[in-house]
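Trainee: Numbering of the sequence shown is given in the numbering used here, commencing with residue 599 and proceeding in unit increments.
Positions of the beta carbon are idealized from the N, C-alpha and C atoms, including for glycine.
Keep in mind the model is a prediction, meaning the values are calculated, not measured.
My structure is below; once you've seen it, I'll send some questions.
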Amino acid sequence: MDDFDKILKTFYWPDYLMLILILLISLSIGFYFGAVKGFKSTEDYLMGNRKMQLFPITMSLIASYVSGISILGIPTDVYLYGIHYIFSLIGLVITSVIMNYIYLPVFYNLKLTSCYEYYEKRFDKKVRIFGSVLFGINTITWIALVMYVSALTLNKVTGLSIHLITPTVCIVCILYTLLGGLKAVVWTDAVQSIIMLCSLLLLVIKGTFDVGGLHVVLERNLKSGRIEGPSLDLNPTSRYTLWSLSIGAAVYFLVTTCTDQTMLQRYLALPSLKKAKSAMYLFVIGYGIFVALCCYSGLLLYATFYKCDPLKTQLPVKKDQLLLLLVMKVLSTCPGLPGIFIAGTLSACLSSLSTGLNSMAAVVVQDCHNFYFKQTMTETKAARIMQLTIIFSGTMCVCLVYLIQQLGTILQVYMSVGAITNGASLGLFTAGIIFPSINNKGALMGGISSLVFMAWLCFKAQAAISSGELLYIQKPLTTETCPPNLTHVRLEADHLLLNASTLDHSGFNFYHVSYLWYTLIGTTVVIVGGLIISMIIKDSKKVDPKLLIPLNRNKAEKTYSLTSAEENSLTSSSKI
599 MDDFDKILKT FYWPDYLMLI LILLISLSIG FYFGAVKGFK STEDYLMGNR KMQLFPITMS
659 LIASYVSGIS ILGIPTDVYL YGIHYIFSLI GLVITSVIMN YIYLPVFYNL KLTSCYEYYE
719 KRFDKKVRIF GSVLFGINTI TWIALVMYVS ALTLNKVTGL SIHLITPTVC IVCILYTLLG
779 GLKAVVWTDA VQSIIMLCSL LLLVIKGTFD VGGLHVVLER NLKSGRIEGP SLDLNPTSRY
839 TLWSLSIGAA VYFLVTTCTD QTMLQRYLAL PSLKKAKSAM YLFVIGYGIF VALCCYSGLL
899 LYATFYKCDP LKTQLPVKKD QLLLLLVMKV LSTCPGLPGI FIAGTLSACL SSLSTGLNSM
959 AAVVVQDCHN FYFKQTMTET KAARIMQLTI IFSGTMCVCL VYLIQQLGTI LQVYMSVGAI
1019 TNGASLGLFT AGIIFPSINN KGALMGGISS LVFMAWLCFK AQAAISSGEL LYIQKPLTTE
1079 TCPPNLTHVR LEADHLLLNA STLDHSGFNF YHVSYLWYTL IGTTVVIVGG LIISMIIKDS
1139 KKVDPKLLIP LNRNKAEKTY SLTSAEENSL TSSSKI
């Protein structure tokens, strides 16, 4: 087995050239759409005049959703726990059907710029600002984490300081997002998604060839139990089961792909509902390919290190660096190839960052400004606010990266923040679209109740993980062929596993529930709480049928028409 440290430091000038090239391409696209093409209005800047093409939008959806965390995290999950994660694609297929027949028709026909405009139309301004704040907190935290993971990756292979990498990447991204608006973001995403795909294909093809072929990869993983069907266990505390990977994952994908501004903004930028639905189905296929490649990379990771697990040695290799170790081992013999893969990881970071910044600009202009200021904005003022929002949000992300570096456990904290807000966000949209009896007070109180409940659940779960009370059984790993100076197993890890075997798991602890159920739990709290509060606190406001799914529109149209007729009658009487 090669010295891992030497493998990681094998980075040459052709590799640096690939990184510089991806930054220059992104800048040139932003300059083209900003300085050459220009913009006619705020809608043109934020929505591409709702005339964007299907191909770049689809590629942008994929690039926005595939982050560096996915590229590095999924293979590690497969390496440690097996191939189960790939079955979450069942949930994604279910999500695409629900999205295209329930959520997307409502949002698209309303011609929204910010999806949180729906909250005000259906409920009131308080609910709208509540949803916008949730989005802002979640997005800024997410972007900072994505930047940190990418900066850490570059730092590991190049030795460059994180304090240099982070602002450099952020400045480039701010510039092309600032200059080119949604058009630049979408087209750079399209280029970056192709680079990500090529980098993963390069790794799996050469890596498979190096270990002896596909049959060797499959044989070694079958023997270790990493390739197996989904568990049919009905216990909700099991990490992965068929039910959590289909039902739980479907609800999770709903909030991240269907009711999130970063994704919806792209669907709504297409010229017709039919094309928006097509983009959703194509996104499922494209993202499915990425997940399959990432899962196979995890199998390849085990096939390469199956007799010398880097995590059980004295080497300073963390879980999220395992794929990076594989990349440098497999591709470092050909200068330039590692640079292509790292450029793919950097592309994932840039796409997530630019998407988040552009969506933040839309939310601030459409939601926050209109909430606090009543006067109509001029195009010049709107442009200035959007530019300042992008610069301020990018700066905030850079600052948060430094905080994450100091507080390593913030990675777990982010997972908790995401789980806390996701259920409330999806619950509010679902309550508005499907349940006409839920009023504004019920929605707001239901959303707050979900936040409080999920905060308790998530932080209790994180505390259980940190204390060793909640541990998941990993697949077998060994160090039998490692060099003698590296075979010292990390005692603290073994100590935790030994304690885990002696813990009492006979009782059911609600906060041991698999994380895949979190969004469903949070959504249920919003809906149930909203229904109860709406029955107690009545509201005379009638719901516009356009804000509901077709199934609920007939009854709502009758009520809405009667109310409108009564109002018109009263108006006529008052005039007489």
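1) Grouping DSSP H, G and I as helix and E and B as strand, with all else coil, what is residue 714?
2) If you draw a straight line from the C-alpha of residue 1177 to the C-alpha of residue 1130, how long is it?
3) Assuming residue 862 and residue 713 make a contact with CB atoms under 8 angstroms, what is their CB distance in whole Å?
4) What's the C-alpha gap between residue 899 and residue 942?
5) Hey, is the stretch 1023-1030 in contact with the stretch 1121-1140, meaning 3+ C-beta pairs nearer than 8 angstroms?
6) What is the residue span of the alpha helix (DSSP H) that residue 1133 lies within?
7) Check for me: the alpha helix (DSSP H) holding residue 707 runs from which residue to which?
8) Is the separation between the beta-carbon of residue 954 and that of residue 611 shorter than 8 angstroms?
9) Between residue 950 and residue 662, which are expected to be in contact by the criterion C-beta below 8 angstroms, what is the C-beta distance as a whole number of angstroms?
10) Can you list, in chain order, the residues of its chain whose CB lies under 8 angstroms from that of residue 718, leaving out five sequence neighbours each side?
11) Quick one: measure Cβ to Cβ for residue 629 and residue 777, integer angstroms, because I've assumed they're closer than 8 angstroms.
12) So, residue 783 versus residue 952, is the Cβ gap smaller than 8 angstroms?
13) Let me confirm a value: residue 757 is counted as buried when at least 16 other C-beta atoms fall within 10 Å, else exposed. Which label applies?
14) For residue 1145, which residues in the same chain have their Cβ closer than 8 angstroms to its Cβ, ignoring the five residues on either side in sequence?
15) Are the stretch 679-690 and the stretch 752-771 touching, with three or more C-beta to C-beta distances below 8 angstroms?
16) Taking the alpha carbon of residue 613 as the reference point, which residue from 676, 836, 940 has its own alpha carbon closest?
17) Return the first residue and the last residue of the alpha helix (DSSP H) that residue 824 is part of.
18) Taking all protein chains shown into account, do 16 or more other C-beta atoms lie within 10 angstroms of the C-beta of residue 1148, making it buried, or fewer, making it exposed?
19) Between which residues of its own chain and residue 819 is the CB-CB distance below 7 angstroms, once the five residues before and five after are set aside?
20) Given that a residue counts as buried once 16 or more other Cβ atoms are within 10 Å of its Cβ, and exposed if not, what is residue 600?
21) On a CA-only basis, which of 842, 988, 827 is nearest residue 1117? Give me that one, please.
22) Any chance the stretch 1051-1065 sits against the stretch 880-888, with 3 or more Cβ pairs inside 8 angstroms?
23) Return helix, strand or coil for residue 856, following the three-state DSSP convention.
24) What residues in its chain sit with their C-beta under 7 angstroms from that of residue 907, if we drop five residues either side in the sequence?
25) Shortest alpha-carbon distance to residue 1000 belongs to which of 810, 746, 1067?
26) Tell me, please, whether the stretch 786-805 touches the stretch 918-928 by the rule of three or more beta-carbon pairs shorter than 8 angstroms.
27) Just tell me which of 1035, 963, 1069 has its CA closest to the CA of residue 1137.
Mentor: The structure says:
1) The answer is coil: DSSP assigns residue 714 none of H, G, I, E or B.
2) The chain is shown only over 599 to 1174; residue 1177 falls outside these bounds and no answer can be derived.
3) Contact holds; Cβ gap of about 4 angstroms.
4) Here the alpha carbons of residue 942 and residue 899 stand approximately 18 angstroms from one another.
5) Segments in contact, yes.
6) From DSSP, the alpha helix (DSSP H) with residue 1133 extends over 1116-1134.
7) In the DSSP assignment, residue 707 falls within the alpha helix (DSSP H) that extends over 702-707.
8) With respect to the 8 angstroms criterion, residue 954 and residue 611 are not classified as neighbours on the basis of their beta carbons.
9) Beta-carbon to beta-carbon, residue 950 and residue 662 are separated by about 6 angstroms, close enough to satisfy the 8 angstroms threshold.
10) Closer than 8 angstroms at Cβ, skipping near neighbours: 725, 726.
11) Right, their Cβ atoms sit about 6 angstroms apart.
12) Result yes, Cβ atoms of residue 783 and residue 952 sit closer than 8 angstroms.
13) Here residue 757 is exposed. Its C-beta has fewer than 16 other C-beta atoms within 10 Å.
14) Excluding positions up to five away in sequence, the list reads 704, 708, 716, 719, 720, 1030, 1031.
15) Verdict: no, contact absent.
16) Among 676, 836, 940, the Cα nearest to that of residue 613 belongs to 940.
17) Note, residue 824: premise wrong, no alpha helix (DSSP H); not H, not E.
18) Residue 1148 should be labelled exposed.
19) Excluding sequence neighbours, residue 819 sits near 825, 897, 900, 901.
20) Low confidence applies to residue 600: its pLDDT is 47, below 50, so where it sits in the model is not reliable, and the reading given next is rough at best. Burial is judged here by how many other beta carbons sit within 10 angstroms of a residue's own beta carbon; residue 600 has fewer than 16 and is exposed.
21) Nearest of 842, 988, 827 to residue 1117, Cα basis: 842.
22) With a cut-off of 8 angstroms, the stretch 880-888 and the stretch 1051-1065 do not count as touching, because too few Cβ pairs lie within range.
23) The three-state secondary structure of residue 856, taken from DSSP, is coil.
24) Closer than 7 angstroms at the Cβ level, and outside the excluded window around residue 907, lie 1075, 1076, 1077.
25) Nearest C-alpha to residue 1000: 746.
26) In short, these stretches touch, since the Cβ pair count reaches three.
27) Ranking 1035, 963, 1069 by Cα distance to residue 1137 puts 1035 first.
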